[in-house]
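Q: Taken in order, the sequence shown gives residues 231 to 575; the numbers are from this note's numbering.
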Amino acid sequence: MRVALITCITGQDGYYLARLLLDKGYKVHGVRQALAHDDRAHIKPLLDDITLHYGDMTDQTSLNNVMQAVQPDEVYNLAAQSHVGVSFAVPEYTMNVNGHGVKRLLDAMRAYAPKAKFYQAGTSELFGNSPAPQNEETAFDPQSPYAEAKLYAHQTVVEYRQQYGLYAVNGILFNHESPKRGDDFVTQKIVKAACAILKGAQDILYLGNLDAVRDWGHAEDYVEGMWRMLQQDAPDDYVLATGTSCSVRDFVCEVFGALGHDIIWQGQGAEEVGMLLENNREVVRIAPEFYRPAEVHNLIGDSRKAQQNLDWSIRKTRYNLIQDMIDAELNKDARAGGHIQRARA
Ligand code: F7E
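(1) Can you name the residues that DSSP bridges to residue 512?
(2) Quick check: residue 208 and residue 351, are their CB atoms within less than 8 Å of each other?
(3) Only counting runs of 4 or more residues, tell me where the alpha helix (DSSP H) segments fall wholly within the stretch 274–304, in order along the chain.
(4) Quick one: what's got a C-beta closer than 6 Å to residue 575's C-beta in the same chain, skipping five residues either side?
(5) Nearest to residue 454 by alpha carbon, out of 470, 446, 482, 440?
(6) Taking 7 Å as the line, does the beta carbon of residue 378 fall inside it for any heavy atom of the ligand F7E?
(7) What are the boundary residues of the beta strand (DSSP E) that residue 262 is part of?
(8) For the stretch 549–566 and the stretch 415–423, state whether three or more C-beta atom pairs, one from each stretch, are separated by less than 8 Å.
(9) Which class does residue 521 belong to by DSSP, given the choice of helix, strand or coil?
(10) Helix or strand or just coil, what does DSSP make of residue 400?
(11) With 16 other CB atoms within 10 Å as the buried threshold, where does residue 451 fall?
(12) Checking 8 Å against the spacing of the C-beta atoms, do residue 403 and residue 353 come in under that value?
(13) When the Cα atoms are used, what is the spatial distance from residue 398 to residue 494?
(14) Exposed or buried, what is residue 246 when buried is set at 16 or more other beta-carbons lying within 10 Å of its beta-carbon?
(15) Using only alpha-carbon positions, find the residue among 491, 527, 459, 330 that is nearest to residue 538.
(16) Run through the DSSP bridge pairs and tell me what residue 476 is partnered with.
(17) DSSP three-state call for residue 494: helix, strand or coil?
(18) Look up residue 251 in the DSSP assignment and say whether it is helix, strand or coil.
(19) The alpha helix (DSSP H) that contains residue 324, what's its start and end?
(20) Based on DSSP bridge pairs, tell me the residues matched to residue 237.
(21) Buried or exposed: which applies to residue 562, given that a residue is buried once 16 or more other Cβ atoms fall within 10 Å of its Cβ?
(22) Counting along the chain, where does the beta strand (DSSP E) carrying residue 418 start and finish?
(23) Check whether the Cβ atoms of residue 428 and residue 478 lie closer than 8 Å to each other.
(24) Provide the residue span of the alpha helix (DSSP H) that contains residue 314, from first to last.
(25) Along the chain, where does the alpha helix (DSSP H) that runs through residue 387 open and close?
(26) What is the residue span of the beta strand (DSSP E) that residue 351 lies within?
(27) What is the C-beta distance between residue 315 and residue 515, in whole angstroms, given that I count them as a contact (C-beta under 8 Å)?
(28) Three-state secondary structure (DSSP) at residue 335?
(29) Compute the minimum distance between the beta carbon of residue 405 and the heavy atoms of the ligand F7E, and state whether it is under 7 Å.
(30) Under 8 Å by Cβ, that's how I've got residue 445 and residue 531 pegged, so tell me the actual separation to the nearest angstrom.
(31) Which of helix, strand or coil does DSSP assign to residue 470?
(32) With burial defined as no fewer than 16 other Cβ atoms inside 10 Å of the residue's Cβ, what is the status of residue 430: buried or exposed?
(33) Out of 339, 335, 329, 343, which one is the CA nearest neighbour of residue 385?
(34) Starting from residue 460, follow the beta strand (DSSP E) in both directions and report where the run begins and ends.
Printed below as a string of structure tokens:
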């Protein structure tokens, strides 16, 4: 039985990856942080089948101990301070976890499980404002403390592969979402707000930069790509993306549209508002607090290398993603006795 170790198993990708690996017959171990609150909500359905260990990317001893105890065949590093906007407020912490933490984990692996294969959760944020579409050859241009830290991690993985002969890979993943996405990421924020507004539980959705363009895929497809990256003869880095994109503004329209309501826009910049077409009711406004000190404007991935070498492709489009996220929200609402309705297809 192959043994996998997943850091931050409690997050969105941790849940989908653990589920995939369990289905494939792996013994799955996960690292969770020692937090004051219980962070196991996402992985509740899997708790009987996985083994959890306390550990932290800022604590070398904890990583050594976990690596020694688990003796993994495959290590998936999904742990990060993953909010790009928040990284401007906590830059040193972000570097400690997302950058130095990766070196700590690799050192633990070198010492206690040197034959294991290592996956690093890299990011399209590395490309910053390099022209789209971006692929493995595109120059990096980090625009945030988050991206700087991820660049450090990316380079560390490449160096450890070259210096120590480790099987270590970077997955350069574009935005991937799901019903388990955290509430502070823009897709989940839009889905939850649209549902709440339409049932009268919220007045306004406040957003930042509506012009940012992202390549949004479904997390279920991306964890499959992570696993495939570790099943090759030789380690290499891969972009995973859908190759399609839209702006935050268009994502708002698509979500309200899927719920049967059209949005029209008026005004410019911080004065722009989104209104329901049927009655001109304002439902979207700009709150400058959600602007970032620097923005990545246009990310669209070119994942032809993963398609060719890994035989990886997306199964769920952005349309499917939005349907999934809305379904989860409506089901939650229905369980709570609510009555939001989906548009007829
Ligand atoms: O922002 C804009 C915001 O926070 C998307 C992480 O998984 O993907 C994610 O990073 C865009 C940005 O994700 C709001 O300015 C407008 O342009 O959902 P997000 P992200 O920053 O793209 C990458 C690949 C990662 O690696 C990260 O870990 O939406 N935006 N208004 C907003 N964003 C947020 N969060 N909230 C707003 O109100």
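Here a beta-carbon is modelled for each residue, glycine too, at the ideal position from N, C-alpha and C.
Given the structure is predicted, the values throughout are model-derived calculations rather than measurements.
A: Result, derived from the coordinates:
(1) Position 282 of the sequence shown, counted from the first residue, corresponds to residue 512. 505, per the DSSP bridge assignment.
(2) Here the chain has residues from 231 to 575 only, and residue 208 is not among them.
(3) 290–300
(4) Along the sequence shown, read from residue 1 onward, the residue named residue 575 stands at position 345. Since pLDDT at residue 575 reaches only 42, below the 50 mark, its modelled position is unreliable, and no value is offered.
(5) Indexing the sequence shown from 1 puts residue 454 at position 224. The option with the nearest alpha carbon to residue 454 is 470.
(6) Taking the first residue of the sequence shown as position 1, residue 378 is located at position 148. Flag unset: Cβ of residue 378 not near the ligand F7E.
(7) Residue mapping note: residue 262 aligns to position 32 of the sequence shown, counting from 1. Start and end: 257–262.
(8) yes
(9) Along the sequence shown, one-based indexing puts residue 521 at 291. It is coil, neither helix nor strand.
(10) Residue 400 sits at position 170 when you count from the first residue of the sequence shown. Strand.
(11) Mapped onto the sequence shown, residue 451 falls at position 221. Per the 10 Å Cβ criterion, buried.
(12) For the purposes of this step, residue 403 is taken as residue 173 along the sequence shown, with counting starting at 1. For the purposes of this step, residue 353 is taken as residue 123 along the sequence shown, with counting starting at 1. Yes, they are a contact pair.
(13) Numbered from its first residue, the sequence shown carries residue 398 at position 168. Numbered from its first residue, the sequence shown carries residue 494 at position 264. Going from the Cα of residue 398 to the Cα of residue 494 covers about 47 Å.
(14) In the sequence shown, counting from the first residue as 1, residue 246 sits at position 16. Burial call: buried.
(15) By one-based count along the sequence shown, residue 538 stands at place 308. When each option's Cα is compared against that of residue 538, the closest is 459.
(16) Translated into positions along the sequence shown, residue 476 becomes position 246. BP columns for residue 476 point to 444.
(17) Here residue 494 is taken as the residue at index 264 of the sequence shown, counted from 1. In this structure, residue 494 counts as strand in the three-state DSSP scheme.
(18) Locating residue 251 in the sequence shown gives position 21, counting from the first residue. Residue 251: helix per DSSP, three-state reduction.
(19) Stepping through the sequence shown from its first residue, residue 324 is reached at position 94. Element bounds for residue 324: 321–324.
(20) By one-based count along the sequence shown, residue 237 stands at place 7. According to DSSP, residue 237 bridges with 261, 307.
(21) For the purposes of this step, residue 562 is taken as the residue at position 332 of the sequence shown. Exposed, since its Cβ has fewer than 16 Cβ neighbours within 10 Å.
(22) As a position in the sequence shown, residue 418 is number 188, starting the count at 1. That residue, residue 418, is in no beta strand (DSSP E); its alpha helix (DSSP H) goes 416–428.
(23) The sequence position of residue 428 within the sequence shown is 198, counting from 1. The sequence position of residue 478 within the sequence shown is 248, counting from 1. No, they are not a contact pair.
(24) As a first step, residue 314 must be located in the sequence shown, where it is residue number 84. For residue 314, the uninterrupted alpha helix (DSSP H) run begins and ends at 314–317, by DSSP.
(25) Against the sequence shown, residue 387 aligns to sequence position 157. Here the alpha helix (DSSP H) through residue 387 covers 375–394.
(26) On the sequence shown, residue 351 is found 121 positions in, with the first residue counted as 1. Run containing residue 351: 347–353, per the beta strand (DSSP E) assignment.
(27) In the sequence shown, counting from the first residue as 1, residue 315 sits at position 85. In the sequence shown, counting from the first residue as 1, residue 515 sits at position 285. Actually they do not touch by this definition, with Cβ atoms about 18 Å apart.
(28) As a first step, residue 335 is located in the sequence shown; it is residue number 105 there, counting from the start. Note: residue 335 maps to helix in three-state DSSP.
(29) Numbered from its first residue, the sequence shown carries residue 405 at position 175. Residue 405 Cβ: within cutoff of the ligand F7E.
(30) Looking up residue 445 in the sequence shown gives position 215. Looking up residue 531 in the sequence shown gives position 301. Contact holds; Cβ gap of about 5 Å.
(31) Residue mapping note: residue 470 aligns to position 240 of the sequence shown, counting from 1. Strand.
(32) If you number the sequence shown from 1, residue 430 lands on position 200. Burial call: exposed.
(33) Position 155 of the sequence shown, counted from the first residue, corresponds to residue 385. Checking every option, the nearest Cα to that of residue 385 belongs to 329.
(34) As a first step, residue 460 is located in the sequence shown; it is residue number 230 there, counting from the start. It is not in any beta strand (DSSP E) - residue 460 carries neither H nor E in the DSSP assignment.
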